[in-house]
Amino acid sequence: MIGALAVLLVFQLIGEILVQASGWPVPGPVIGMVLLFLVLRWRGVLPTALRVTAETLLSHLSLLFVPAGVGIIQHGARLADEWLAVSVALVVSTLVTVAVTALVMRAVVGRRRGGQNG
Amino acid sequence: MDKIFNDVWVYLAASPLLWLTVTLAVYLAGQWLFQRSGGRALFNPVALAITLLVALLLLTGTPYSTYFQGAQFIHFLLGPATVALAVPLYLHWERVRQLFLPIVVGLLVGSATAIFSAIGVAWLLGGTPRTLLSLAPKSVTTPVAMGIAEKIGGLPSLTAVLVILTGVIGAVAAPALLNGLRIRDDAIKGIAIGVAAHGIGTARAFQISAMAGAFSGLAIGLNALLTALLVPLIVKLLHLTP
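As they're listed, the protein sequences go chains A and B.
Take 56 as the starting number for the first sequence in my numbering and just add one per residue.
Take 307 as the starting number for the second sequence in my numbering and just add one per residue.
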C-alpha cells in the first residue's frame with residue numbers, strides 16, 4: 056500500500072519536473088500517468104499492491120473533487136448575476152458533448168466494420 | 307457551558323482536523339443516501355456533500371480558506387489518482403488498440419464540442435467575457451482546468467466550481483442519455499462520459515462497468531492534453547479578452 060502510493064507519487068513528481076523544465080502546456084500528473092503506463096507495458100507485469108491501491112483510489116475519485124467544489128461559496132455574487140448563462144451553458148454543453156462524442160465514435164466504428172465486410 | 311463550547315470551537319476552528327473529518331463524514335453520508343435511494347442518479351454523492359458543506363460553512367461563518375486548510379489533504383490526492391489511471395488503461399489496452407481510430411476521432415470532436423458549445427451558449431445568454439474564459443476548460447479535470455483558466459485570463463477558482471458542476475451534470479444525465487441514443491458499447495460510453503465530465507463522470511462510468519471506467523479514465527488524460535492545446539487557440543480565434 057505505502058509502496059504503491061510511493062510509486063504513484065514518484066511518477067507524479069517526475070511528471071511535474073518534466074513539465075516545469077520543458078514548459079509543455081500539459082499537466083504533470085497526466086505525464087506521470089503516461090510514464091507509468093509505458094513502464095507497466097515495458098515490464099509486462101502489474102504488481103498486485105499497485106493494482107489494489109489504484110483501484111481503491113479510483114473507486115473514491117468523486118470524493119477528491121469535493122474540496123474544490125465547496126469553493127462555489129466564494130463565487131455567490133457572480134453566479135447570482137449570471138446564473139442563467141452559466142447553468143444553461145453547463146447543461147447544454149455537457150449533454151451535447153456526450154451525445155456528439157458517442158455518435159461520432161459509433162459512426163467511425165460502423166464505417167470500419169462496413170469497410171471490412173464489404 | 308458556553309465558555310467550554312467556545313474554547314473547544316476556537317481550538318477546532320484553527321486546526322485542519324475538523325474540516326478534513328467533516329468532509330469525509332459528509333461524503334460518506336452522501337454515499338449512504340445515494341445507496342439508500344437505490345443508486346438514483348439525482349442523489350449524486352458529490353453534489354450532496356458539497357451542498358451540505360456549503361450550508362455548514364455558512365452556518366458557522368467559516369471562511370473557505372479555513373475550510374481548505376483541512377480539505378487540502380483530500381484535494382491533493384487528485385494528482386496521484388490521475389497517475390493511477392495508468393492501471394485501468396494497462397488492463398484494457400487490447401480493447402483500446404482495437405478502437406484506436408474511433409477513440410482519436412471521438413476525442414478530437416468531443417473536446418472541441420465541449421469548448422465551443424460552452425463558450426457559445428453562455429455568450430448567447432449574455433455571459434461576461436471573464437465568465438466565458440472561466441467556462442472554456444470546464445470539461446477537463448480540476449487541476450488542469452484551473453491551470454488553463456489562469457493562462458487565458460479566466461478565474462481559476464470559478465473554473466474549479468464550473469468543472470465540478472459539469473462533472474455532476476454528466477454523472478447524473480449521461481448514462482440515461484447514452485441509453486436513449488442506443489449506445490451499447492461500454493468503451494464508447496466511457497470515452498463520451500470521460501470527455502464531457504472528467505473524473506466525476508468517470509466515477510459514475512466505473513459503476514456501469516470496469517471497462518467503461520477504464521475508457522473514461524483514458525479520455526480524462528487525453529482530453530487534458532487536447533484541451534490544454536485547443537483552448538488557447540480557440541480563445542485567440544474568437545478574440546476573447548477578460
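We put the CB at the ideal spot given by N, CA and C, even for glycine.
Cβ pair residue i, residue j closer than 7 angstroms
| i | j | result |
| --- | --- | --- |
| B/Val283 | A/His130 | Here chain B comprises residues numbered 307 to 548, so residue 283 of chain B is not present and cannot be evaluated. |
| B/Ala530 | B/Val446 | yes |
| B/Leu326 | B/Leu318 | no |
| B/Thr329 | B/Ala377 | yes |
| B/Ala353 | B/Val474 | yes |
| B/Tyr439 | B/Gly453 | Position check: residue 439 of chain B holds Leu in this sequence, whereas Tyr was assumed. Not a contact, by the Cβ cut-off of 7 angstroms. |
| A/Gln67 | B/Gly505 | no |
| A/Ala135 | B/Ala428 | no |
| B/Ala331 | A/Val153 | no |
| A/Gly139 | B/Leu431 | What sits at residue 139 of chain A in the sequence shown is Leu, not Gly. Cβ atoms of A/Leu139 and B/Leu431: closer than 7 angstroms. |
| B/Ile514 | A/Gly124 | no |
| B/Gly527 | A/Thr156 | no |
| B/Thr437 | A/Glu71 | no |
| B/Ala498 | B/Arg401 | no |
| A/Ala59 | A/Leu105 | yes |
| A/Thr149 | B/Thr508 | no |
| A/Leu119 | B/Leu383 | yes |
| B/Asn350 | B/Ala477 | yes |
| B/Ala387 | A/Leu116 | yes |
| B/Ser463 | A/Gly126 | yes |
Neighbour-count burial assignment, residue i, 16 or more Cβ in a 10 Å radius
| i | result |
| --- | --- |
| B/Val316 | exposed |
| B/Thr547 | exposed |
| B/Asp491 | buried |
| A/Gly173 | Confidence is the limiting factor: at A/Gly173 the pLDDT is only 37, short of 50, which leaves the residue's position unreliable and the question unanswerable from this model. |
| A/Thr103 | exposed |
| B/Phe406 | exposed |
| A/Val107 | exposed |
| B/Ile310 | exposed |
| A/Val74 | buried |
| A/Ile57 | exposed |
| A/Ala132 | exposed |
Nearest-angstrom beta carbon gap, residue j and residue i [assumed within contact, 8 angstroms]
| i | j | result |
| --- | --- | --- |
| B/Tyr396 | A/Leu95 | 4 angstroms |
| B/Gly433 | A/Val141 | 7 angstroms |
| A/Ile86 | B/Leu363 | Contact flag wrong, Cβ pair sits at about 35 angstroms. |
| A/Val151 | B/Thr419 | 6 angstroms |
| B/Thr465 | B/Ala455 | 4 angstroms |
| A/Pro84 | B/Val389 | 6 angstroms |
| B/Leu413 | B/Leu532 | 6 angstroms |
| B/Leu348 | A/Met88 | Wrong, their Cβ atoms sit about 32 angstroms apart, outside the cutoff. |
Contacts around residue i, its chain only, beta-carbon distance under 8 angstroms, and the 5 residues preceding and following it disregarded
| i | result |
| --- | --- |
| A/Val159 | none |
| B/Phe379 | Pro322, Leu326 |
| B/Tyr370 | Leu363 |
| B/Gly554 | For residue 554 of chain B there is no data in the structure shown, the boundaries of chain B being 307 and 548. |
Sequence-distant residues of the same chain with beta carbon closer than 6 angstroms to residue i, five excluded per side
| i | result |
| --- | --- |
| B/Leu496 | It is worth fixing the name first, because residue 496 of chain B is Gly in this sequence and not Leu. These residues qualify, in order along the chain: Ala511, Ala518, Phe521, Ser522. |
| B/Arg579 | As shown, chain B starts at 307 and ends at 548. That puts residue 579 of chain B outside it, with no answer to give. |
| B/Thr366 | none |
| B/Leu334 | none |
| B/Val541 | Ile458 |
| B/Leu358 | Val332 |
Which of helix, strand or coil DSSP assigns to residue i
| i | result |
| --- | --- |
| A/Gly99 | coil |
| B/Leu483 | helix |
| B/Ser463 | helix |
| B/Ser515 | coil |
| B/Asp491 | coil |
| A/Gly173 | Unreliable positioning characterises A/Gly173 in this predicted model, as indicated by a pLDDT of 37, which lies under 50. A coordinate reading is not provided. |
| B/Ala355 | helix |
| A/Trp138 | helix |
| B/Pro449 | helix |
| B/Phe379 | helix |
| A/Pro82 | coil |
| B/Arg346 | coil |
| A/Ser114 | helix |
| A/Ser148 | helix |
| B/His398 | coil |
| B/His545 | coil |
| B/Ser371 | helix |
| A/Met56 | coil |
| B/Lys457 | helix |
| A/Gly70 | helix |
Cβ shell of residue i (< 7 angstroms), same chain only, five flanking positions each side left out
| i | result |
| --- | --- |
| B/Leu535 | none |
| A/Leu113 | none |
| B/Ala424 | Leu441, Ala442, Lys444 |
| B/Val537 | Ile421, Ala442, Pro443, Ile454, Ile458 |
| B/Arg403 | none |
The ligand NAP heavy atom lying under 6 angstroms from the CB of residue i
| i | result |
| --- | --- |
| B/Ile356 | In terms of ligand content, the structure shown is empty, and the ligand NAP therefore cannot be addressed. |
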